[in-house]
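Have a look at the structure below, then the notes.
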Amino acid sequence: MSSSLQEQLLKAGLVDEQRLRKARQEQRKPKGPKPPKKAPRVDERAEQARRLQAEKAERDRELNRQREEAAARKALNAQIRQMVEASRLPKGEGDLTYNFVDGQKIRRIHVTPEVHARLVQGGAGIVKLDGRYEVVPAEVAEKIRERDANRVVGGGAPAVASEEDDAYAKFKVPDDLMW
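By the working numbering, the letter at position 45 of the sequence shown is numbered 36, and the numbering carries on one by one without gaps.
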């Protein structure tokens, strides 16, 4: 009688080997609900380190962008300075005063009659460089305007008659009305 009930049933032929194995497996399985799976443990320090590293990379990208912009502005200023210094027209100790508008203020420079004529006809322009005003040929003023429109403050474009003025061009003006 020392044999188990399972062995006795097997000898009696009431169960076969397969059912016996299946019953043993079921006995080994835990009864009741399964314990909940543990959520993967997030290492807070590693997560914080990754976040800090991402923030540092973003700051570095922003600083690099600012440095590149500053270098581009510096190169542009150097280009403009070189263009002005290479092609400025001599103002001389001129007797004529040329008035122009810089922002909200009316400014004046003293120029020679030749430079004054070029400014009036549009053959020259005025460029602001380091707080000073320099007179340059119209072509150079246009190149500077392409690079930085705020630097060109006066002249550079010939005065073009509007279409209204041209409409009256066909009429004769009496001599006594001429100034």
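For each residue, glycine too, the CB sits at the ideal point set by N, CA and C.
Inter-residue distance for Glu130 and Lys161 is about 33 angstroms (C-alpha atoms, whole angstroms). Within the region 101 to 125, the complete alpha helix (DSSP H) segments of 4 residues or longer fall at 104 to 112, listed in chain order.
In the DSSP annotation of this structure, the continuous segment of the beta strand (DSSP E) that includes Val92 starts and ends at Leu87 to Asp93. Taking a C-beta distance under 8 angstroms as the contact criterion, Gly116 and Ala140 do not qualify as a contact pair. Counting along the chain, no alpha helix (DSSP H) covers Leu5, and no H or E run does either.
Nearest in C-alpha terms to Gly83, of all of Glu125, Glu59 and Met74, is Glu125. A direct Cα-to-Cα measurement between Val102 and Gly85 gives close to 4 angstroms. Within the same chain, no residue comes within 8 angstroms of Ala62 by CB-CB distance, once the 5 residues on both sides are set aside. For Lys65, the enclosing alpha helix (DSSP H) has its first and last residue at Glu35 to Ser78. Residue nearest to Gln73 within the set Lys22, Lys20 and Leu120 is Leu120 (criterion: CA-CA distance).
Per DSSP, reduced to three states, the secondary structure at Arg12 is helical. A direct Cα-Cα distance of roughly 58 angstroms separates Glu53 from Ala158.
Out of Leu1, Ala37, Leu43 and Arg142, the CA that lies nearest to the CA of Asp93 is found in Arg142.
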